[in-house]
Amino acid sequence: MKLGAHVSIGKGFPGAVNQAYSIGCDGFQIFAGNPRGWARKPLADSEVAQFRKEREKYALWPVMVHLSYLPNPATTDPELYEKSVLTMVEDFSRANALGADFFVFHPGKAKDRDIGLKKIIAAVNLVLEKVKGSTLLLFENQSGAGGEVAGSFQDLGLLIKEVNQGDRVGVCFDTCHAFAAGYDLSSDSGWQQTLDEFEKFVGLSNLKIFHLNDAVGTVGSHLDRHQHIGRGMIGLQGFSFLMNHPRLNQLPGILETPQEAPDDDLMNLKTLRQLVK
Ligand SMILES: [Zn+2]
Ligand SMILES: [Zn+2]
1 MKLGAHVSIG KGFPGAVNQA YSIGCDGFQI FAGNPRGWAR KPLADSEVAQ FRKEREKYAL
61 WPVMVHLSYL PNPATTDPEL YEKSVLTMVE DFSRANALGA DFFVFHPGKA KDRDIGLKKI
121 IAAVNLVLEK VKGSTLLLFE NQSGAGGEVA GSFQDLGLLI KEVNQGDRVG VCFDTCHAFA
181 AGYDLSSDSG WQQTLDEFEK FVGLSNLKIF HLNDAVGTVG SHLDRHQHIG RGMIGLQGFS
241 FLMNHPRLNQ LPGILETPQE APDDDLMNLK TLRQLVK
């Protein structure tokens with residue numbers, strides 16, 4: 001499995017490439033701007049060119065851009081909805097400009113699930129109409145906390161099948177979110193059942209990448225708290241299944257585990273690589 005980590009753009013976009021390379025990543029994930037703000041400074045052509053050059057030099061794959069945390073394309077609040085779509089358009093454009101392979105976003109929260117799903121589909125259709133390019137747009141499964149839609153594979157499958165340009169979308173599977181949503185990834189039999197359900201409702205061909213996070217909460221707890229690989233409730237056995245699965249290990253995975261000590265990403269990358277039999 002090609003492995004990477006979420007890295008900071010605090011030292012600019014080219015700086016993120018160097019950070020990923022220096023810790024031995026195959027690929028990496030970044031935000032396209034401040035994840036907790038709506039404002040975006042213009043993206044300089046020189047910075048984009050430098051980013052692409054560095055990335056090519058180190059032959060890093062995949063590169064994924066994560067949408068910031070503020071947008072909620074499932075909302076019925078017209079003002080928040082408009083801002084959400086605008087930010088998705090902006091960040092998805094940036095992902096395409098940077099030559100990212102994937103762009104991932106959280107489908108969001110809604111009081112009424114069915115209305116929320118319709119809102120998301122309309123938002124994604126608009127974004128795909130406005131932004132051209134080869135970056136795939138990925139729905140991320142959520143933990144199903146507090147009105148979050150797309151915790152279930154049923155929701156994810158519906159979203160994937162209802163959008164207009166189906167060949168430009170896919171799924172990013174977050175292991176912590178899936179576990180918190182009720183899919184038991186701690187054992188081989190749990191994984192097998194999860195994959196059967198994923199195939200039934202979403203289709204494994206739509207699965208493009210993993211977010212590799214252990215979980216603080218128990219299965220079905222809806223607690224979205226990431227833990228170091230092997231130190232949470234999914235545990236080493238769960239990640240060993242994934243790392244050695246002949247089909248799943250052909251897909252890439254990105255760590256979003258806690259970054260408290262400087263070597264935390266290195267440690268988690270090593271843990272995963274040591275699980276390969
Ligand atoms: Zn995410
Ligand atoms: Zn994630």
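In this text, residue positions in the sequence shown follow the numbering used here: the first is 1, and each later residue adds one. A virtual CB, placed ideally from N, CA and C, is assigned to each residue, including glycine. All values reported here derive from a predicted model rather than from experimental measurement.
- Closest by C-alpha distance to A100, out of I120, S134 and P71, is S134.
- In the DSSP assignment, H6 falls within the beta strand (DSSP E) that extends over L3 to H6.
- In the DSSP annotation of this structure, L275 is not part of any alpha helix (DSSP H), being labelled neither H nor E.
- For the set T76, A16, W38 and F28, the Cα lying nearest the Cα of E47 is the one of A16.
- For H211, the shortest C-beta to heavy atom distance toward ligand 2 is below 7 angstroms.
- In the DSSP annotation of this structure, the continuous segment of the alpha helix (DSSP H) that includes C176 starts and ends at T175 to A180.
- In the DSSP assignment, I254 falls within the unbroken beta strand (DSSP E) covering G253 to L255.
- In this structure, the straight-line span from the alpha carbon of M88 to that of L248 is close to 28 angstroms.
- Q274 is classed as exposed because its beta carbon has fewer than 16 other beta carbons within 10 Å across all chains shown.
- DSSP, reduced to helix, strand and coil, places A123 within a helical segment of the structure shown.
- Where V65 is concerned, the enclosing beta strand (DSSP E) starts and stops at V63 to H66.
- Nearest in C-alpha terms to M1, of all of S240, G170, S68 and E79, is S240.
- Going by DSSP, V89 is part of the alpha helix (DSSP H) stretching over P78 to A97.
- Apart from sequence neighbours up to five positions away, the residues of its chain that approach E197 with a beta-carbon distance below 6 angstroms are F153, ordered along the chain.
- V131 carries a coil assignment under DSSP once its states are collapsed to helix, strand and coil.
- Of the residues Y21, T76, A74 and Y183, the one whose Cα lies closest to the Cα of F51 is Y21.
- When only Cα atoms are considered, G166 and G217 end up about 33 angstroms apart.
- When distances are taken from the beta-carbon of E148 to the heavy atoms of ligand 2, even the shortest one reaches 7 angstroms or more.
- For G235, the uninterrupted alpha helix (DSSP H) run begins and ends at G235 to N244, by DSSP.
- Put simply, of K118, G116, L98 and V124 the residue whose alpha carbon is nearest the alpha carbon of F105 is V124.
- Scanning Y81, T76 and W61 for the CA closest to the CA of L70 turns up Y81.
- In the DSSP assignment, V104 falls within the unbroken beta strand (DSSP E) covering F102 to F105.
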